[in-house]
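Student:
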Amino acid sequence: MVLGACVMAMSATPPPPDVELTVRPVLVAGGFEAVDIAVTFRGDADGETRLALPDAWGGETRLWAAISDLRAEGAVVRIDESPAHRRLQHAPGARIQVRYRVKQETAGAPVAGERNPYRVLIQPGWFHLLGETIVALPEGVRMRGTARLRVEGMPAHARFASDAQHTGAKVRDLVESVMVGGDFRVIDAGGGLRIAVRGTWSIEDAAWRTAIARIGADQRAYWGAATEPYLVTIVPLGGAPGAVSVGGTGRGDGFAFFATQSAPLPMISRLLSHEMMHTWIPSRIGGLPETDEAGHYWLSEGFTDWAAWRVNVRGGLWSAEEFASAFNAALEAYDTSPARTASNARILQDFWSDAAVQKLPYQRGMLIASLWDYRVRKASGGARDLDDVLMRMQRGAVRRPDLSATALLPEAMRRVAGVETAVDRTRLVGEGHVVDLPRDLFAPCGDIEEVRKPVWVRGFDFQATQRNGWTIEGVEHDSAAWRAGLRNGMRLTSWSERSDALDATKPVTAGVQHDGASREITWMPTDGRAHTVRKLALREGFDRIACTRLLAGLPPA
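First residue of the sequence shown? That's 808 in this note's numbering, and the numbers climb one at a time after it.
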């Protein structure tokens, strides 16, 4: 008789994550009033840990003002010389949990016309939190350390969604996250894509789903990427009736999107394609250096536009005409920008304080990408293009994770086509020289030409009007708006301006109320001046197949 021994394998308990973040909403009379946060981590070996609170990000400052009632388990909290820090005293290497409450410290729900609402948003029916504005972390924490997000106490009628809700999350994913809860509808768009949207829109939920699924599928095909989680959160903005505005910020695994509910789908799709392309640019082609990020936005933002537009054509979302429209709008904005020749040093200094400087890296980088794509095509006899450069960077980033995208780019250009970039980097990026474009940049589609266009002038101060509760302010005397009858003190009830289509050859219309009567005032938004701008002029009867394949980065048929 043979006796067998049975051994039961005991599964090892996995170690706790380096950082665990727990979110618990605070409800009063059934509505959201605040959110309680708990951050758990291990303290420093010397028994003292400096805790960094949210401070400055995205042009916002004093983000710690939203935090109150900070306390700790496993440590004693001490005041630091900086209001953005606390000192924790504890046993060496102790496991610590820091608890605090976050509340919205600004007034009301977000409205169009102001900066993107990056600060804490907590309204009775919903909340919207960005990681950079709520996550307190010990100084020196490893951003590639393991992390976990938990949510507790959500009422039965409410939904919660975050792009950090996935296995294998890192500490950086918590910091670069978006978290929403309340009356959101969470829609599965397939392939790991989710949408969290609230409010009523001119776009139906099915159209949101179709647009995001298509953009996601096209971009993954371009990069040869597998299915993975990605979340788009969509928050409506209030504002003057008829106003159209879109904006947002890319997250580690998603995009936090803000828009007026009348925004058209093509306008939204363009922004979504840019932000979803940030999944790869710059993080998967090398990322950005940890210091002086704004000095590298010409690549991370400008090349993102270039790649997103290419994929939009390749996937059939855009025609040649739609590509030309987007390219020409960016080129005109660049040619008329008061900051066009700003050095990279000025971008570093003024990015968050000067609107023209903030837009410049997008415009400049997109034009540099277009120019370098042209040079790669010419140097390789049409056999290669900037796509090959980006794919080489993606492979290089895996082999050399210590190198940034701006460090990998010159070598990739050299290896793919023997094109050197040092002179352009110095002149166009560092010193701010104007980006010259060859006439045949997009042949056989068309030619780069110079044209004279009227200068776009609104005629009144829109931001001051908004701050004044939509009562008109800042009407310029003897402007076209003035001559049409617009006056300070009228109440603005509708406004036809679109931020992505400032065309001085097309009239604008303001709906106003004054002395108990409502009427519309229409004028041409210009003052008679003109400026010279460049544009891609599509040739009459151009070869559509050849043009589309060029713009899509595909070999000739």
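We put the CB at the ideal spot given by N, CA and C, even for glycine.
To the nearest angstrom, how far is it from the Cα of Arg-1021 to the Cα of Met-950?
Tutor: So the two alpha carbons sit approximately 32 Å from each other.
Student: Note the first and the last residue of the continuous alpha helix (DSSP H) segment covering Leu-981.
Tutor: Unbroken alpha helix (DSSP H) run through Leu-981: 978-982.
Student: Residue range of the alpha helix (DSSP H) that Asp-1025 falls in?
Tutor: Per DSSP, Asp-1025 belongs to the alpha helix (DSSP H) from 1012-1030.
Student: By how many angstroms is the C-alpha of Arg-831 removed from the C-alpha of Glu-1035?
Tutor: C-alpha separation (whole angstroms): 27 Å.
Student: Using 8 Å as the threshold, is the segment 1233-1249 in touch with the segment 1191-1203, meaning 3 or more CB pairs across them?
Tutor: Counting Cβ pairs under 8 Å, fewer than three are found: no touch.
Student: Rounded C-beta distance between Val-942 and Val-982? I'm assuming under 8 Å.
Tutor: Right, their Cβ atoms sit about 6 Å apart.
Student: Is it buried or exposed, Ile-1255, if we count other Cβ atoms within 10 angstroms and call 16 or more buried?
Tutor: With 16 or more Cβ atoms within 10 Å of its Cβ, Ile-1255 is classed as buried.
Student: Compute the distance between the beta-carbons of Arg-1005 and Val-1042, then report whether it is under 8 Å.
Tutor: Their beta carbons are under 8 Å apart, which means Arg-1005 touches Val-1042 by this criterion.
Student: Short check: CB of Gln-1026 to CB of Val-1118, under 8 Å?
Tutor: For Gln-1026 and Val-1118, yes; Cβs fall inside 8 Å.
Student: Would you tell me roughly how many angstroms separate the C-alpha atoms of Asp-1382 and Leu-895, rounded to the nearest one?
Tutor: Since the first residue of the chain shown is 808 and the last is 1364, residue 1382 is not available in this structure.
Student: Should Ile-1352 be labelled buried (16 or more other beta-carbon atoms within 10 Å of its own) or exposed?
Tutor: Classification for Ile-1352: exposed.
Student: Just to confirm my understanding: we take Ile-1019, look at its own chain, exclude 5 residues before and 5 after, and list those with CB closer than 7 Å. What are they?
Tutor: The residues are Ala-996, Leu-1000, Ile-1002, Val-1039, Leu-1079.
Student: DSSP three-state call for Ser-1132: helix, strand or coil?
Tutor: Helix.
Student: If Ser-1286 sits next to Asp-1334, beta carbons under 8 Å apart, how far is it from one beta carbon to the other, in whole angstroms?
Tutor: With 8 Å as the limit, Ser-1286 and Asp-1334 qualify as a contact, their Cβ atoms being about 6 Å apart.
Student: Nearest-angstrom Cα distance between Thr-1098 and Ser-1211?
Tutor: Thr-1098 and Ser-1211: Cα-Cα distance of roughly 11 Å.
Student: Could you tell me which residues DSSP puts in a beta bridge with Leu-1000?
Tutor: Its beta-bridge partners are Gly-997, Tyr-1037.
Student: Let me know the secondary structure DSSP gives Tyr-1181 once reduced to three states.
Tutor: If DSSP states are grouped into helix, strand and coil, Tyr-1181 belongs with the helices.
Student: So, Trp-1105 versus Ile-1175, is the Cβ gap smaller than 8 Å?
Tutor: For Trp-1105 and Ile-1175, yes; Cβs fall inside 8 Å.
Student: Expressed to the nearest angstrom, what Euclidean distance is found between the alpha-carbon atoms of Trp-1008 and Pro-1073?
Tutor: Straight-line Cα distance between these residues: approximately 14 Å.
Student: Would Arg-1356 pass as an interface residue toward chain C - the criterion being a Cβ-Cβ separation below 8 Å?
Tutor: Here chain C cannot be found, since the structure has a single protein chain.
Student: On the DSSP bridge assignment, give the partners of Ala-841 in chain order.
Tutor: Answer by DSSP bridge pairing, in chain order: Val-833.
Student: Can you tell which of Phe-1064, Gln-1170, Phe-1249 has its C-alpha closest to the C-alpha of Phe-1128?
Tutor: The sequence shown places Glu at residue 1128, not Phe. When only C-alpha atoms are compared, the closest one is Phe-1249.
Student: What did DSSP end up calling Glu-880 once you bin it into helix, strand or coil?
Tutor: Of the three classes helix, strand and coil, the one that applies to Glu-880 here is strand, per DSSP.
Student: For Phe-839 versus Ile-929, is the C-beta spacing smaller than 8 Å?
Tutor: Cβ atoms of Phe-839 and Ile-929: closer than 8 Å.
Student: Give me the Cβ distance between Val-978 and Val-948, rounded to the nearest whole Å; I'm assuming they're in contact under 8 Å.
Tutor: With 8 Å as the limit, Val-978 and Val-948 qualify as a contact, their Cβ atoms being about 6 Å apart.
Student: Which term fits Ser-969, buried or exposed, when burial requires 16 or more other beta carbons within 10 angstroms of its beta carbon?
Tutor: Burial call: buried.
Student: Can you say whether Pro-899 is buried or exposed, counting buried as having 16 or more other CB atoms within 10 angstroms of its CB?
Tutor: Exposed, because fewer than 16 other Cβ atoms sit within 10 Å of the Cβ of Pro-899.
Student: Check whether the Cβ atoms of Ala-1271 and Glu-1280 lie closer than 8 Å to each other.
Tutor: Contact flag set, yes.
Student: State the DSSP-derived secondary structure class of Arg-1346, mapped to helix, strand or coil.
Tutor: Here Arg-1346 sits in coil by DSSP.
Student: Could you check where the alpha helix (DSSP H) with Asp-1195 kicks off and where it finishes?
Tutor: 1193-1206 is the extent of the alpha helix (DSSP H) around Asp-1195.
Student: Over the uninterrupted beta strand (DSSP E) stretch that includes Pro-1261, give me the two end residues.
Tutor: 1253-1261 is the extent of the beta strand (DSSP E) around Pro-1261.
Student: Keeping to the same chain, check which residues put their C-beta closer than 6 Å to that of Gly-932; ignore five residues upstream and five downstream.
Tutor: Counting only Cβ-Cβ distances below 6 Å, and skipping sequence neighbours, we find Gly-989, Asp-990.
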